[in-house]
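**Student:**
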Amino acid sequence: MRFDVISLFPDMVSDAAAYGVTGRAIERGLVDLSVWNPRDYTHDKHRTVDDRPYGGGPGMVMKCQPLLDTLAAAKQHNALASSKVICLSPQGRLLTQGLLLDASCCDQLILVSGRYEGIDERFIQHACDEEWSLGDYVISGGELAALIVIDAVTRLIPGVLGDEESAKQDSHFDGLLDCPHYTRPERSDIGDVPDVLLGGNHADIKRWRMKQALGRTWIRRPDMLGKVTLSAEQDALLKEFRTEVV
Numbered sequence: 002m003r004f005d006v007i008s009l010f011p012d013m014v015s016d017a018a019a020y021g022v023t024g025r026a027i028e029r030g031l032v033d034l035s036v037w038n039p040r041d042y043t044h045d046k047h048r049t050v051d052d053r054p055y056g057g058g059p060g061m062v063m064k065c066q067p068l069l070d071t072l073a074a075a076k077q078h079n080a081l082a083s084s085k086v087i088c089l090s091p092q093g094r095l096l097t098q099g100l101l102l103d104a105s106c107c108d109q110l111i112l113v114s115g116r117y118e119g120i121d122e123r124f125i126q127h128a129c130d131e132e133w134s135l136g137d138y139v140i141s142g143g144e145l146a147a148l149i150v151i152d153a154v155t156r157l158i159p160g161v162l163g164d165e166e167s168a169k170q171d172s173h174f175d176g177l178l179d180c181p182h183y184t185r186p187e188r189s190d191i192g193d194v195p196d197v198l199l200g201g202n203h204a205d206i207k208r209w210r211m212k213q214a215l216g217r218t219w220i221r222r223p224d225m226l227g228k229v230t231l232s233a234e235q236d237a238l239l240k241e242f243r244t245e246v247v
């Protein structure tokens, strides 16, 4: 899969992406990443990428022309069959695991990182397929959001993780939060590992993990349970959990 990021701070993206899961995926050729600076596609000697907003008000607005030319270069350089242009914006759709899973099926994801007061609306309407938001808050630019999208989508690409089941057990993958995890030592001053995880009965372990995932979701994010259809087994496990904590 290929990621192209349009950003006024290209080093911020490329340097951070060199670490961890994403960095290893790039090294192995499973993921390609290019960062495009709109300043390289300006037409004036000052390399101007922003201007004052029409109607007055504080801040500056990113101009259409540099963004359109940058986007055209990114698309031409990577003429792939399936691409999607995403503007990262507080006004966008809330980023979810389902949205990321759909994005992982694309050949190319072009992420537009805004700065200043925002981006000229004409560019968003004309050139972007969707707007995505991290949540109901504002950060200084779209670079951090782009890095989050890249990391989250990269995890879903086959061959990236050492064990492909890891991504399927992450929180939100199946609409639930993840279950608790433990490692050595078995006993400590701050608590012990649950006995069921030490017994070696994989059916019991699977059942315990599902019950904990359901219970944790019920306690911490009950809104999520309203969006999933529970099986008869899951419904019974959740009822058991509720009975145990009451």
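If you use our numbering, the sequence shown corresponds to residues 2 to 247, in order.
Ideal Cβ positions, reconstructed from N, Cα and C, are used throughout, including at glycine.
(1) In three-state DSSP terms, what is M225?
(2) What residue ranges within the region 103-128 form continuous alpha helix (DSSP H) runs of no fewer than 4 residues, ordered along the chain?
(3) Taking three-plus beta-carbon pairs below 8 angstroms as touching, is the region 205-222 in contact with the region 232-242?
(4) Is it true that the CB of A73 sits closer than 8 angstroms to the CB of K85?
(5) List the endpoints of the continuous beta strand (DSSP E) containing I87.
(6) Could you name the residues that DSSP lists as bridge partners for G216?
(7) State the start and end residues of the unbroken beta strand (DSSP E) segment that holds I7.
(8) Cα separation between I7 and Y55?
(9) Secondary structure at S15, three-state DSSP: helix, strand or coil?
(10) Using the three-state DSSP reduction, which class does V246 fall into: helix, strand or coil?
(11) My understanding is that V62 touches Y117, with C-beta atoms under 8 angstroms, so please give their C-beta distance in whole angstroms.
(12) Output the distance between the C-alpha atoms of A147 and D12, rounded to the nearest integer angstrom.
(13) Suppose the cutoff is 8 angstroms on Cβ atoms and the five residues either side in sequence are ignored; what does the same chain contact list for E132 look like?
(14) Are I158 and L31 close, meaning C-beta to C-beta below 8 angstroms?
(15) Express the C-alpha separation of R123 and T43 in angstroms, rounding to a whole number.
(16) Suppose the cutoff is 7 angstroms on Cβ atoms and the five residues either side in sequence are ignored; what does the same chain contact list for L135 look like?
(17) Could you check if G143 is buried or exposed, using at least 16 other CB atoms within 10 Å of its CB as the buried criterion?
(18) Alpha carbon to alpha carbon, how far is T230 from G24? Give it in angstroms, no decimals.
(19) How would you call S189, buried or exposed, if buried means at least 16 neighbouring beta carbons within 10 angstroms?
(20) Please report the straight-line C-alpha distance between R222 and G58, rounded to a whole angstrom.
(21) Buried or exposed: where does D137 fall if 16 or more other Cβ atoms within 10 Å of its Cβ makes it buried?
(22) So D51 packs on K64, CB below 8 angstroms; how close in whole Å?
(23) Using CA atoms only, rank isn't needed, just tell me which of G192, D205, T184 and L178 is closest to L226.
(24) Within a Cβ cutoff of 7 angstroms, which residues of the same chain sit near R3, ignoring the five residues on either side of it in sequence?
**Tutor:** A quick look at the data gives this:
(1) Residue numbering aside, residue 225 sits at position 224 when the sequence shown is read from its first letter. The answer is helix: DSSP assigns M225 an H, G or I state.
(2) 122-128
(3) yes
(4) As a position in the sequence shown, residue 85 is number 84, starting the count at 1. As a position in the sequence shown, residue 73 is number 72, starting the count at 1. No.
(5) In the sequence shown, the residue the question calls residue 87 occupies position 86. Run containing I87: S84 to L95, per the beta strand (DSSP E) assignment.
(6) For the purposes of this step, residue 216 is taken as the residue at position 215 of the sequence shown. G216 is not bridged to any residue.
(7) In the sequence shown, residue 7 corresponds to position 6, counting from 1. Taken as a continuous stretch (DSSP letters only), the beta strand (DSSP E) holding I7 covers R3 to I7.
(8) Taking the first residue of the sequence shown as 1, we reach residue 7 at position 6. Taking the first residue of the sequence shown as 1, we reach residue 55 at position 54. Whole-angstrom Cα-Cα distance: 24 angstroms.
(9) Locating residue 15 in the sequence shown gives position 14, counting from the first residue. Correct three-state label for S15: helix.
(10) Translated into the one-based positions of the sequence shown, residue 246 becomes position 245. Note: V246 maps to helix in three-state DSSP.
(11) Along the sequence shown, one-based indexing puts residue 62 at 61. Along the sequence shown, one-based indexing puts residue 117 at 116. Indeed they touch by this definition, with Cβ atoms about 6 angstroms apart.
(12) Along the sequence shown, read from residue 1 onward, the residue named residue 147 stands at position 146. Along the sequence shown, read from residue 1 onward, the residue named residue 12 stands at position 11. About 13 angstroms.
(13) As a position in the sequence shown, residue 132 is number 131, starting the count at 1. For E132, where only same-chain residues beyond five positions count, the Cβ hits under 8 angstroms are I87, C88, L89, S90, Q92, G93, R94 and I125.
(14) Along the sequence shown, one-based indexing puts residue 158 at 157. Along the sequence shown, one-based indexing puts residue 31 at 30. Yes, the Cβ-Cβ distance between I158 and L31 is below 8 angstroms.
(15) In the sequence shown, the residue the question calls residue 43 occupies position 42. In the sequence shown, the residue the question calls residue 123 occupies position 122. Going from the Cα of T43 to the Cα of R123 covers about 17 angstroms.
(16) Residue mapping note: residue 135 aligns to position 134 of the sequence shown, counting from 1. These residues qualify, in order along the chain: L96, A146 and I149.
(17) Indexing the sequence shown from 1 puts residue 143 at position 142. Burial call: buried.
(18) On the sequence shown, position 23 is the one that residue 24 refers to. On the sequence shown, position 229 is the one that residue 230 refers to. The straight-line gap from Cα to Cα measures roughly 36 angstroms.
(19) For the purposes of this step, residue 189 is taken as residue 188 along the sequence shown, with counting starting at 1. Under this definition S189 is an exposed residue.
(20) Taking the first residue of the sequence shown as position 1, residue 222 is located at position 221. Taking the first residue of the sequence shown as position 1, residue 58 is located at position 57. Approximately 39 angstroms between the Cα atoms of the pair.
(21) In the sequence shown, the residue the question calls residue 137 occupies position 136. When all chains shown are included, D137 counts as exposed.
(22) Residue mapping note: residue 51 aligns to position 50 of the sequence shown, counting from 1. Residue mapping note: residue 64 aligns to position 63 of the sequence shown, counting from 1. Confirmed, Cβ separation roughly 6 angstroms.
(23) For this step, residue 226 is matched to residue 225 along the sequence shown. Comparing Cα-Cα distances from L226 to each of G192, D205, T184 and L178, the minimum goes to L178.
(24) Residue mapping note: residue 3 aligns to position 2 of the sequence shown, counting from 1. Cβ neighbours of R3 beyond the five flanking positions: D33, N79, L81, D108 and Q109.
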